[in-house]
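J.: Numbering (the working numbering), first residue to last: 1 to 307.
Have a look at this one before I ask anything.
Spelled out as structure tokens, the structure:
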């Protein structure tokens, strides 16, 4: 079974691997102190390897010009088990650009397990099928301006009762009839592909918690309160560090918030005002006006300025 978040709505869901964690011996409580049987985590690695091979073989057969990578969290966040990018023609001077497919693999030993609404809306961000963390990664990827075909959660288990999913605000929309030249296995293999359709309450929650403005505010708070140097290579700062300077949010000379941002001056952009409100709401102690930043080299400079 597979499901996915397409480029307009967020991550897609597909059938894939389990989170791999190192196994450690544990001692039973009996007097003999016998060691429990170690859990074999290699099934997830095998599943991931098969998916990598599948993408490679199918892409070569289809004539793609492509690149395939894995476990690059700086690019895919929590959608990084497999990152497939391929060239597509366009009307730019270059004549082409990269289009991306991000895949997270979740393999289960017991294939009778089912995914239910609680798994999707679990507040525990470590959950294998937690939608919040995948949308978080999706929004970060989208903020970079990439051409995203889809974000896929690929797993070997299916969904539970559809009524309980709908009650949780999630509707399963079959996309088995849509063209697919890689994750297609033929009639002899039982698979399913779904797009997850979320209700308005879900969209409201996601916008509040994972909007670009919210994530940018959290990154700035993290840098200021933990004395971290801003890293413009990744995250929201990669996309917004120039705008933060141009729109009078950060003063590169004082390495603090710009005076116009602090005073909520009339010349602030709408985005800067929203960021100001979000930062103020995040800082319960109301100390944000005193934040100082360790700005990295080239912070606030565009590519053209660096040439």
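Each residue gets a CB set at the ideal place from its N, CA and C atoms; glycine is no exception.
Bear in mind that the values here come from a model prediction, so they are computed numbers and not experimental data.
Within 10 angstroms of its Cβ, does residue 203 collect 16 or more other Cβ (buried), or is it exposed?
T.: exposed
J.: What are the start and end residues of the alpha helix (DSSP H) that includes residue 279?
T.: Counting along the chain, the alpha helix (DSSP H) containing residue 279 begins and ends at 270-282.
J.: Go ahead and pull the three-state DSSP assignment for residue 171.
T.: strand
J.: Using 8 Å for Cβ pairs, my map puts residue 176 next to residue 108. What's the rounded Cβ distance?
T.: Wrong, their Cβ atoms sit about 21 Å apart, outside the cutoff.
J.: Any idea what DSSP makes of residue 293, helix, strand or coil?
T.: Residue state, collapsed to three classes: coil.
J.: Quick check on this structure: which residue in 163, 143, 52, 228 has the alpha carbon closest to the alpha carbon of residue 239?
T.: 143
J.: Would the stretch 251-258 and the stretch 185-193 be scored as touching if the rule is three or more Cβ pairs under 8 Å?
T.: Counting Cβ pairs under 8 Å, fewer than three are found: no touch.
J.: Compute the Euclidean distance between the alpha carbons of residue 85 and residue 287, then round it to the nearest angstrom.
T.: Rounded to the nearest whole angstrom, the C-alpha separation of residue 85 and residue 287 is 43 Å.
J.: Tell me the DSSP bridge mates of residue 69?
T.: 83
J.: Provide the residue span of the alpha helix (DSSP H) that contains residue 205, from first to last.
T.: 200-210
J.: Just mark residue 170 as buried or exposed, buried being the case when its beta carbon has 16 or more other beta carbons within 10 Å.
T.: buried
J.: For residue 31, count neighbouring Cβ atoms within 10 angstroms of its own Cβ and tell me buried if that reaches 16, exposed if not.
T.: Its pLDDT being 39, under 50, residue 31 is placed unreliably by the model, and the measurement read from it follows with that caveat. Counting Cβ neighbours within 10 Å, residue 31 comes out exposed, since fewer than 16 surround it.
J.: Measuring CB to CB, does residue 245 end up less than 8 Å from residue 300?
T.: yes
J.: Is residue 371 buried or exposed, if buried means 16 or more other CB atoms sit within 10 Å of its CB?
T.: Because the chain in this structure spans residues 1 to 307, residue 371 falls outside the shown range and cannot be described.
J.: For residue 251, which beta-bridge partners are listed by DSSP?
T.: 256
J.: Just to confirm, is the Cβ distance from residue 225 to residue 294 under 8 Å?
T.: no
J.: Residue 212: which of 248, 128, 274 sits nearest, CA to CA?
T.: 274
J.: DSSP state of residue 55, grouped into three classes?
T.: helix
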